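Working notes, structure below.
In our numbering, the protein residues as written are 9 to 653.
Below is the structure:
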């Protein structure tokens, strides 16, 4: 028993440097914790949950409702994307039976991961007094990371279920807070400057040092000089903390009334007041209007960019992107930690990579078991699909559809059609758009032209809008007043105060898609840098890099402004060219022949519309390329400062 539980030796804490440590502790193999099978078992489960979340989002998720409750605010990003996917990419719709099975299977998966994550963290804390090595502790932390974010992914997936089951929601919130606190506390010692120091900034790399010693170091001055390790720990704690807080808010405020009021509506009212002031100044003719026009357009561009960021952040798509990034980050941290046993310091001070510790690569009982347990969610899904409750769900839906059809008002169930593009602002409107839906693809000769001109009608329909969405859109309350600003005939008009339904405009939708592409690109680059370079120096490489600072705070805002300016200039040119708008949109005399008989959207493409989509794609691709290359050029080769502190 003494061999299994060795009291940690923390005498090295009194040394000025680890270079003075004469007999460093050896790393005892523990394949049941850091083996390949254990890591694969947890990581595959996490990725399976994210995959189910994505599949549910694309096929079943209804942005207009949470369970049986209508959303007071319909997110336009989710609505527009799902309208496109379900209307143009695929027409397959899962049955209610399949939805029920998926819900039950994810519920079982989340509970399994919740219990497993708590178990591995509690077991890890129980081994601190037995001298668990820092190497094994970090793997334990990031294996539990998978359980944490698998559970959080499931909470986002099942928000409608928990809204109708308050007792189950309270139970899971309690365990969620417990696991979040344990996870954050487990990350704290990883901020020490001596923690798995592969860069040798504070001395040699000793992966066998006890994790208990680093907890003792928390109250010492040597811990506060963490440098790159501190940055990495802070970043990981922020990712965990923000994710748990955000999920907790969504569980108790699924309609986002509180957060939307204080983080969007109230600040937005002040910004709209400023825009209205500039709008009135720019409405006059003459030199005075010209002076106010440029500040107004710049302010409106900033408002549109921030509004697009809010729309993405509040969307389920944004949640999926964030959770996917967090799980990918945990994957890299786990495998980077395992790669530390390959790092060997030569006598001349250079670093070589050679596997001197391969005992954790042997497959044992504790590694095979997690792999076999991956069958649980698959079996639970099959069982849920085949049981009587799932069959009853399908029967109820069929009877409901039959009754509605006999009443003369056919209803397509949620998920069978593309969702409408209206951005309703109250329960009544959201309920209305839920009751009546249509196929979601407008025929060729009846489609509104894309906003190559910046349209002035605040209720301009989305190109993927359903008829019900157009009916449910509120009328323009300012239709009796001039709606085009500025009045200069050389310039295109812009929407007027209070700027409703911006997602109905093509330029705004394209702006949102550009922002999503920027987020995906910078996330992929961060993960690539983490995997290729940062495994030794930590996240400090990224957080203190001029490249990423210039990219995030310089070129992303600049590319947003350039994108809106390009659309505005293009609209000003097109509106002065006779027939250009119809040609680019494929409507009017340039519409495709026999458009009503062509069901596939690619069969209704005209030459002008092909040119339009190519120009839009070229604009976004050029701005993304400019963002990355411009940031790299300005940052220069010496773009990293890894000073301590």
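In this text, a Cβ means the ideal position worked out from N, Cα and C, and glycines have one as well.
Nothing here was measured: the structure is a model prediction, and the numbers come from that model.
Check: Opposite residue 77 in the DSSP bridges: which residues?; Outcome: 74
Check: Since I believe residue 163 is in contact with residue 5 (beta carbons under 8 Å), could you give me their beta-carbon distance rounded to a whole number of angstroms?; Outcome: This structure leaves residue 5 out entirely; the chain is present only between 9 and 653.
Check: Check this for me: beta carbons of residue 375 and residue 45, under 7 Å apart or not?; Outcome: yes
Check: Whole angstroms is fine: what's the gap from residue 526's alpha carbon to residue 571's?; Outcome: 12 Å
Check: So, using beta-carbon positions, are residue 109 and residue 529 closer together than 7 Å?; Outcome: no
Check: Secondary structure at residue 218, three-state DSSP: helix, strand or coil?; Outcome: strand
Check: Buried or exposed: residue 100, going by 16 or more other Cβ atoms within 10 Å of its Cβ?; Outcome: exposed
Check: So, with DSSP's three-state summary, where would you put residue 152?; Outcome: helix
Check: Residue 531: which of 331, 588 and 248 sits nearest, CA to CA?; Outcome: 331
Check: Can you tell me which residues form a DSSP beta bridge with residue 141?; Outcome: 218
Check: Counting Cβ pairs closer than 8 Å, one from the stretch 120-135 and one from the stretch 24-34, do we hit at least three?; Outcome: no
Check: Can you give the Cα-Cα distance for residue 417 and residue 381, rounded to whole angstroms?; Outcome: Low confidence applies here, because residue 417 scores a pLDDT of 49, under 50, leaving its location unreliable; read the following figure in that light. Distance between the alpha carbons of residue 417 and residue 381 is about 48 Å.
Check: Run the CB neighbour count on residue 476, radius 10 Å, all protein chains shown included, and call it buried at 16 or more, exposed below.; Outcome: Residue placement at residue 476 is poorly supported in this model, since its pLDDT is 36, which falls under 50; the coordinates are not used for a value here.
Check: My guess is that residue 167 and residue 71 are in contact by the Cβ rule of under 8 Å, so how many angstroms apart are they, rounded?; Outcome: With a Cβ gap of about 12 Å, residue 167 and residue 71 do not count as contacting.
Check: Return yes when the Cβ of residue 196 is within less than 7 Å of the Cβ of residue 244, no when it is not.; Outcome: no
Check: Classify residue 53: buried if its beta carbon has 16 or more other beta carbons within 10 angstroms, exposed otherwise.; Outcome: buried
Check: With 16 as the cutoff for other CB atoms within 10 Å, does residue 86 come out buried or exposed?; Outcome: buried
Check: Go ahead and pull the three-state DSSP assignment for residue 30.; Outcome: coil
Check: Enumerate in chain order the residues of its own chain whose CB-to-CB distance from residue 333 is below 7 Å, with the five nearest sequence positions on each side excluded.; Outcome: 531
Check: Verify the CB distance criterion: does residue 558 have a CB-CB separation below 7 Å to chain C?; Outcome: No chain C is part of this structure, which consists of one protein chain only.
Check: Using C-beta distances below 6 Å, list every residue in its chain close to residue 241, excluding the 5 sequence neighbours before and after it, in chain order.; Outcome: 195, 198 and 199
Check: Rounded to whole angstroms, what's the CA-CA distance from residue 14 to residue 115? Just pull it up for me.; Outcome: 40 Å
Check: For the stretch 562-586, which segments carrying the alpha helix (DSSP H) assignment without a break, of at least 4 residues, lie completely within its bounds, in sequence order?; Outcome: 564-582
Check: To which residues of the same chain is residue 393 closer than 6 Å at the C-beta, ignoring the five residues directly before and after it?; Outcome: 109
Check: Pull up the distance between the alpha-carbon of residue 106 and that of residue 556, whole angstroms please.; Outcome: 43 Å
Check: Given 8 Å as the limit, is there contact between the stretch 630-646 and the stretch 556-567, that is, 3 or more CB pairs closer than that?; Outcome: yes
Check: Using a Cβ-Cβ cut-off of 7 Å (strictly less than) and excluding sequence neighbours within five positions of residue 558, which residues of its own chain qualify?; Outcome: 639, 642 and 643
Check: Which word fits residue 132, buried or exposed, when buried means at least 16 other C-beta atoms lie within 10 angstroms of its C-beta?; Outcome: buried
Check: Write down the C-beta distance between residue 519 and residue 316 rounded to the nearest angstrom, noting that I regard them as a contact closer than 8 Å.; Outcome: 5 Å
Check: Compare the C-alpha of residue 372 against each of 39, 59 and 287 and name the closest.; Outcome: 39
Check: With burial defined as no fewer than 16 other Cβ atoms inside 10 Å of the residue's Cβ, what is the status of residue 227: buried or exposed?; Outcome: exposed
Check: Following the continuous alpha helix (DSSP H) through residue 108, name the residue where it begins and the one where it ends.; Outcome: 104-134
Check: Using 8 Å as the cut-off, can you tell me whether the stretch 498-512 makes contact with the stretch 275-285, which would need three or more C-beta pairs spanning the two stretches below that distance?; Outcome: yes
Check: Hey, would you say residue 68 sits closer than 7 Å to residue 308, going by beta carbons?; Outcome: no
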